[in-house]
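Chains as they are written, first to last, in the numbering used here: chain G, 1 to 289; chain F, 1001 to 1289. Input: a single structure, listed below in structure tokens.
Protein chains: 2
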Amino acid sequence: MERNRQPPLTVAIQGEPGSFSHMAAEQLFGPDLRLVPSRTFDALFEAVVSRRADRGLVPVENTLAGSVQGNLDGVLRHSVHAVAETRVRIRLCLVARPGMVLSAIRTAASHPVALQQCHTFFRRHPEMEPVAVYDTAGSIRDLMSGNASYDAGIGSELASRIYGAEIVQEEIEDDRENYTRFFAVSTEPGSDPGPRPKTSLAFVVAHEPGSLHRALGTFAHRGVDLTKLESRPISGRPWEYRFFADVRGDPRGDLAACLEELRGLAAEVHVLGTYPEWPGLAESSTGDT
Amino acid sequence: MERNRQPPLTVAIQGEPGSFSHMAAEQLFGPDLRLVPSRTFDALFEAVVSRRADRGLVPVENTLAGSVQGNLDGVLRHSVHAVAETRVRIRLCLVARPGMVLSAIRTAASHPVALQQCHTFFRRHPEMEPVAVYDTAGSIRDLMSGNASYDAGIGSELASRIYGAEIVQEEIEDDRENYTRFFAVSTEPGSDPGPRPKTSLAFVVAHEPGSLHRALGTFAHRGVDLTKLESRPISGRPWEYRFFADVRGDPRGDLAACLEELRGLAAEVHVLGTYPEWPGLAESSTGDT
């Protein structure tokens, strides 16, 4: 497996060590990896395309916030391949310098999405002001390096451990059913996806009644399971959309005929990648093909 | 029409006077309106539900960034009705105090999404640092009231005019094909949508192969035009999705049989509203039924 190869796998993430992307990388590749922290997702994709990183870890959807906008477009635009998926539970901790007590905390910093997901906690603590920063783990790193004007950060237990901080309160997120799904991307397609292959596709349908219905029929008529369908605007073509679909199967096997038919019905059909379905958390179908 | 009634219509927006939501409100209801600026979308919906505002103006999608996440869920959760739609071109201006010249500007503030959409401009001006604030118009208001530590704001021409600022450079956005679509929402359903009715729906399909395909078949088989299909996660049910669909037609007329069939195939079918299709910008179909 990849986790045993030498030298350690180099993995680009958006954000800092201790971020949920870092946790996703460890979940897929084990703890023995070299991180390439990137400030933006564009920088992350660049690190992969230029081969400064063997893999990039890209969040694609969250069970509360929905699509991580632009990242599926990014996979397509940078012509990288999705080679693995994983899911991470977003367990948010209020983290401070050792010895700090809850009642003394006046300001707590994190990524805006994380702050939003601690709405109930902030309502219970009106004395505490949320402060938006660019990264969950970065809020804790800056706190511990003395480069921060706030009293606490909100991030993962991993970040607290890495930067030598202390957890003041665990699980301050509103909703425990908070998971983020990640793709690992690479310049090369994945190897054998094993017994439960999943494939991510992108396609554009013609502007005529019934065209999306017909495109989905290529899966439905064969009993292929569509686990996700998402639409994204096409840049420069206002009010036109590209569909991103996840289906169970492998284009080199059971999906071959499906894809051939889809290419006849839809434009710009791309396979983003085929990878083993992540077994960590039971996944329901959208109900679909 | 609504623009002539007395007293003036009260309209809740997220953000400040001069925001693109304000422009959307003027486009739909004319300049004679009373704004209820709201810091968050939840506060906006609250203003409508509590009848402090007759209407709320809610951005639902942008042609570059995609879905304005959570706002369709908000329409559903707050049981308000979509009674109108409109589209606004996002024309971003660099705005400063009168007399300020471009070469003297070191920091420019705006909403993070607006900053992102001026990527090329900031690359051309490496001496200028982007500063994230909560609102485009708010960046200009705070600049002019002296409550800001930055040199310029980025927002609409309307905001520049309202706050007595000066436009230093127009159209600094990367992409001119940058439009945002808004819903006007109300506690009461809309009146007669006229000759081009459009309807927004939400539904959940069962977890079985072919169920989404069958649901879309209710439109396809009748030649009903689906202009938009979006999926959103269902809170508390990880990896399950609700679909939001826009279709041409009226549930009180040509869509009646469609909806009856859909209710037999899908769960939680809701009509968000029926409204006149906005004619301002030619809209393509997703290609669909």
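Ideal Cβ positions, reconstructed from N, Cα and C, are used throughout, including at glycine.
Spatial distance of residue i from residue j (CA atoms)
i, j, result
"Leu1276 (chain F)", "Cys1118 (chain F)", "Residue 1276 (chain F) is actually Pro in this sequence, not Leu. Those two C-alpha atoms are separated by around 33 angstroms."
"Val271 (chain G)", "Leu1009 (chain F)", "50 angstroms"
"Glu1173 (chain F)", "Leu1092 (chain F)", "6 angstroms"
"Gly1264 (chain F)", "Gln1169 (chain F)", "55 angstroms"
"Phe1029 (chain F)", "Phe244 (chain G)", "37 angstroms"
"Gly1217 (chain F)", "Ile1090 (chain F)", "35 angstroms"
"Leu57 (chain G)", "Arg97 (chain G)", "29 angstroms"
"Ala266 (chain G)", "Thr1274 (chain F)", "30 angstroms"
"Ser1156 (chain F)", "Ser231 (chain G)", "28 angstroms"
"Glu46 (chain G)", "Pro1233 (chain F)", "29 angstroms"
"Tyr1179 (chain F)", "His1221 (chain F)", "32 angstroms"
"Leu72 (chain G)", "Ser1067 (chain F)", "14 angstroms"
"Gln14 (chain G)", "Leu35 (chain G)", "10 angstroms"
"Pro1195 (chain F)", "Lys228 (chain G)", "35 angstroms"
"Gly1138 (chain F)", "Ala1148 (chain F)", "10 angstroms"
"Leu1255 (chain F)", "Ser1079 (chain F)", "21 angstroms"
"Arg161 (chain G)", "Met144 (chain G)", "11 angstroms"
"Glu260 (chain G)", "Ala215 (chain G)", "11 angstroms"
"Gly70 (chain G)", "Ala1065 (chain F)", "7 angstroms"
"Ala1206 (chain F)", "Arg1181 (chain F)", "30 angstroms"
"His1213 (chain F)", "His213 (chain G)", "6 angstroms"
"Asp1142 (chain F)", "Leu1044 (chain F)", "21 angstroms"
"Ile1105 (chain F)", "Glu1129 (chain F)", "9 angstroms"
"Pro1059 (chain F)", "Asp32 (chain G)", "44 angstroms"
"Trp278 (chain G)", "Val113 (chain G)", "24 angstroms"
"Val1048 (chain F)", "Gln116 (chain G)", "22 angstroms"
"Ser1235 (chain F)", "Arg1077 (chain F)", "11 angstroms"
Buried or exposed by the 16-neighbour rule on C-beta atoms within 10 Å, applied to residue i
i, result
"Thr1286 (chain F)", "Because the pLDDT at Thr1286 (chain F) is just 42, under 50, the model does not fix this residue reliably, and the point stays unresolved."
"Val1075 (chain F)", "buried"
"Gly253 (chain G)", "exposed"
"Gly210 (chain G)", "buried"
"Ala257 (chain G)", "exposed"
"Pro126 (chain G)", "exposed"
"Asp1192 (chain F)", "exposed"
"Ser50 (chain G)", "exposed"
"Arg1124 (chain F)", "exposed"
"Pro1189 (chain F)", "exposed"
"Ile1154 (chain F)", "buried"
"Gly249 (chain G)", "buried"
"Val224 (chain G)", "buried"
"Pro197 (chain G)", "buried"
Reference residue i; option with closest CA among the options
i, options, result
"Phe1121 (chain F)", "F:Val1068, F:Ser1145, F:Leu1072, F:Asp1175", "F:Asp1175"
"Val88 (chain G)", "G:Thr40, G:Leu115, G:Asp254, G:Glu177", "G:Glu177"
"Ser19 (chain G)", "G:Asp32, G:Ser38, G:Pro7, G:Glu261", "G:Ser38"
"Val1247 (chain F)", "F:Val1048, F:Leu1201, F:Ile1105", "F:Leu1201"
"Pro1007 (chain F)", "F:Pro1017, F:His1022, F:Asp1054", "F:Asp1054"
"Pro1238 (chain F)", "G:Ala12, G:Arg52, G:His22, G:Glu61", "G:Glu61"
"Gln27 (chain G)", "G:Leu158, G:Leu115, G:Glu240, G:Val101", "G:Leu158"
"Tyr1241 (chain F)", "G:Ser235, G:Gly236, G:Leu226", "G:Leu226"
"Pro17 (chain G)", "G:Gly164, G:Pro197, G:Arg77, G:Arg52", "G:Gly164"
"Asp1151 (chain F)", "F:Glu1171, F:Gly1099, F:Phe1183", "F:Gly1099"
The alpha helix (DSSP H) enclosing residue i, as first and last residue numbers
i, result
"His270 (chain G)", "First-last for His270 (chain G): 266–276, but that is the beta strand (DSSP E), not the alpha helix (DSSP H)."
"Ser21 (chain G)", "20–29"
"Pro7 (chain G)", "Pro7 (chain G) -> no alpha helix (DSSP H), and no H or E assigned at all."
"Gly1074 (chain F)", "1071–1077"
"Asp1142 (chain F)", "1136–1144"
"Ala1047 (chain F)", "1041–1049"
"Arg1124 (chain F)", "1119–1124"
Sub-8 angstroms separation of residue i and residue j beta-carbons
i, j, result
"Thr1136 (chain F)", "Ser1110 (chain F)", "yes"
"Ala1024 (chain F)", "Thr1063 (chain F)", "no"
"Val1269 (chain F)", "Phe1219 (chain F)", "no"
"Val83 (chain G)", "Ile140 (chain G)", "no"
"Ala1108 (chain F)", "Val1133 (chain F)", "no"
"Pro1251 (chain F)", "Thr1187 (chain F)", "no"
"His81 (chain G)", "Val11 (chain G)", "no"
Beta strand (DSSP E) segment containing residue i, residue limits
i, result
"Thr199 (chain G)", "197–205"
"Ser38 (chain G)", "33–38"
"Ser1110 (chain F)", "1107–1110"
"Ile162 (chain G)", "Run containing Ile162 (chain G): none in the beta strand (DSSP E); it sits in the alpha helix (DSSP H), 157–162."
"Arg1222 (chain F)", "Premise fails: Arg1222 (chain F) is in no beta strand (DSSP E) and is neither H nor E."
"Arg1089 (chain F)", "1081–1089"
"Thr1180 (chain F)", "1179–1186"
"Arg1242 (chain F)", "1237–1248"
Amino acids of chain A, ordered along the chain, whose beta-carbon sits closer than 7 angstroms to that of residue i
i, result
"Ala1065 (chain F)", "Considering every chain present, this structure includes no chain A. Its protein chains are G and F."
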